[in-house]
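Chemist:
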Amino acid sequence: MRLGTIDLIRKIGLEPNDVVLIRHSTEITEKYVNRGFVDQCTAIMNPKDRKYCQNHRYWMVFAGEGSITRLVALYRMDGRTTLEKGMLPDDYPIDESEYGKSDFFILERLDLLTEYENRDRVCCSDGGVGIVRGF
0 MRLGTIDLIR KIGLEPNDVV LIRHSTEITE KYVNRGFVDQ CTAIMNPKDR KYCQNHRYWM
60 VFAGEGSITR LVALYRMDGR TTLEKGMLPD DYPIDESEYG KSDFFILERL DLLTEYENRD
120 RVCCSDGGVG IVRGF
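Number 25 in numbering that gives the first Met the number 0 belongs to position 26 of the sequence shown; there are no gaps in the numbering.
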C-alpha cells in the first residue's frame, strides 16, 4: 500500500493544516542538503519568504532532484530570530551579506518520520500544491 503525504502526517498524529511542505530546489539540494546542511539551509529564510512557513508549527522538508523529490526531515518550528555570525558551522557556504538580514528559524528535528527519510522517492508535478519551492 502506498502512503500519501497527508496519510503520513495523520499516521504520526499531526493535523495536516499544521504542517507546511517545503521542497528545496535541485540547486539547493546539491549545494546544501547533499553536503549535510539540511537543518541549516531550512532554518535560514529571506524575510519576504517567511509568510509561507511562519504560521505552521511543523515543517516537512523534501529535497528536489530534478523532477524527483525525497523526504529529508520533519521539524517543529519553535520561533525565529535574525541570522547572526556564529550561528552556522564554519564550513557552511553563505554570502556574508545574509547576516543581520535573513531570518533564522528555530527548528527541532523530529524523528516521527525517520523510517521514510531519504528512502522513498516520489515524482512531483509542476503544480505541487502546498509545496514551497526554491529556498
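Backbone N, C-alpha and C define an ideal beta-carbon position, used for all residues, glycine too.
Since we're looking at a predicted model, the values are computed, not measured.
(1) Let me make sure I understand the geometry here. Which of L20, I11, D110, Q53 has the alpha-carbon closest to that of F104?
(2) Looking at the secondary structure, which residues open and close the beta strand (DSSP E) in which I67 lies?
(3) For the beta strand (DSSP E) holding V32, just list the boundary residues, first then last.
(4) Can the beta-carbon of I43 be found closer than 7 Å to that of S101?
(5) Got a sec? Which residues, its chain only, sit under 7 Å from I11 by beta carbon, not counting five neighbours each side?
(6) Spatial neighbours of R79 within its chain, please: CB distance less than 6 Å, with the 5 preceding and 5 following residues excluded, ordered by chain position.
(7) Excluding five sequence neighbours on each side, which residues of the same chain lie with their C-beta closer than 8 Å to the C-beta of D17?
(8) For chain D, find out if any of its Cβ atoms is closer than 7 Å to the Cβ of R75; answer yes or no.
(9) Rounded to a whole number of angstroms, what is the C-alpha to C-alpha distance between E116 and D77?
(10) Taking I8 as the reference, give the member of Y98, G85, L70, G99 with the closest Cα.
(11) Cβ of M59 within 7 Å of Cβ of L82?
(12) At the level of alpha carbons, what is the spacing between R108 and K47?
(13) Using only alpha-carbon positions, find the residue among D6, C40, V32 that is nearest to D94.
Modeler: Straight from the coordinates:
(1) Position 105 of the sequence shown, counted from the first residue, corresponds to residue 104. Minimum Cα distance to F104 is reached at Q53.
(2) Reading the sequence shown from its first residue, position 68 is the one you call residue 67. Looking at the DSSP string, the run of the beta strand (DSSP E) that includes I67 is 67-81.
(3) Position 33 of the sequence shown, counted from the start, is the residue given in the question as residue 32. Unbroken run through V32: none, as it is neither H nor E.
(4) Here residue 43 refers to the residue found at position 44 of the sequence shown. Here residue 101 refers to the residue found at position 102 of the sequence shown. Yes. Within cutoff.
(5) Within the sequence shown, residue 11 is the residue found at index 12, counting from 1. The answer, listed in chain order, is L111, L112.
(6) One-based indexing of the sequence shown puts residue 79 at position 80. So the list reads D102, F104, once near-sequence residues are dropped.
(7) Position 18 of the sequence shown, counted from the start, is the residue given in the question as residue 17. Closer than 8 Å at Cβ, skipping near neighbours: H55, R56, Y57.
(8) Absent here is chain D; the protein component of the structure consists of one chain.
(9) Counting from 1 along the sequence shown, the entry for residue 116 is found at position 117. Counting from 1 along the sequence shown, the entry for residue 77 is found at position 78. Looking at the two C-alpha atoms, the distance is approximately 22 Å.
(10) Along the sequence shown, read from residue 1 onward, the residue named residue 8 stands at position 9. Selected option, being the one with the closest Cα: L70.
(11) Against the sequence shown, residue 59 aligns to sequence position 60. Against the sequence shown, residue 82 aligns to sequence position 83. Their beta carbons are not under 7 Å apart, which means M59 does not touch L82 by this criterion.
(12) Residue 108 sits at position 109 when you count from the first residue of the sequence shown. Residue 47 sits at position 48 when you count from the first residue of the sequence shown. Using only the alpha carbons, I get a separation of about 24 Å.
(13) Translated into positions along the sequence shown, residue 94 becomes position 95. Here the closest residue by C-alpha is C40.
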